[in-house]
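Below is one structure, written out as structure tokens; comments come after it.
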Amino acid sequence: MNPHENKRLQLALTVLYPVLIGVFFIWMQSAFWLLAVVTMLVYCALWKNIGFVMLSNGLLLALSIGLWVTEVDYMQMGSVRETRSWLPFAYILYGAFCLIPSMLLVPLRNLLIKKDRQRHL
């Protein structure tokens, strides 16, 4: 079964992405960027199209801003107050290393799959 054809699976993966990134941010701070990039690369194979990429990242943005604004305590990491000074920089890094590459890789993957299907016909 092709995971790209199952809408429920696509929606579940869309919601799971921000949850995974949030878990990595809270409990695995020392390896956060590595885990975020690896997760993004795996999801580039799972997302059906740019719409799912944007929805997942929009949910992640809403979740992170919600936690930042409400000053929820980040377990051992300390409060959001301690992270406010570097958080805008983290959003820029996330966009550069996770969002922009995924917005390029997903359409490229779809194009390569389409060309491969045409070649086999």
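At position 59 of the sequence shown the residue is numbered 412 (our numbering), and the sequence of numbers has no breaks.
Where a beta carbon is used, it is the ideal one built from N, C-alpha and C, also for glycine.
Using C-beta distances below 7 Å, list every residue in its chain close to Gln471, excluding the 5 sequence neighbours before and after it, in chain order. The residue given as residue 471 occupies position 118 in the sequence shown. Nothing listed; no residue qualifies.
Pairwise C-alpha distance: Pro371 and Gln363: Along the sequence shown, one-based indexing puts residue 363 at 10. Along the sequence shown, one-based indexing puts residue 371 at 18. Our two residues, Gln363 and Pro371, have alpha carbons roughly 13 Å apart in a direct line.
Please report the distance separating the alpha-carbon of Leu464 from that of Cys397. Locating residue 464 in the sequence shown gives position 111, counting from the first residue. Locating residue 397 in the sequence shown gives position 44, counting from the first residue. Answer to the nearest angstrom: the Cα atoms are 13 Å apart.
Select from Leu474, Leu461, Asp469 the residue whose C-alpha is nearest the C-alpha of Lys401. Here residue 401 refers to the residue found at position 48 of the sequence shown. Selected option, being the one with the closest Cα: Leu461.
Buried or exposed for Ser409, please, with buried defined as at least 16 other CB atoms from any protein chain shown within 10 angstroms of its CB. Locating residue 409 in the sequence shown gives position 56, counting from the first residue. For Ser409, the number of other beta carbons within 10 angstroms of its own is at least 16, and it is reported as buried.
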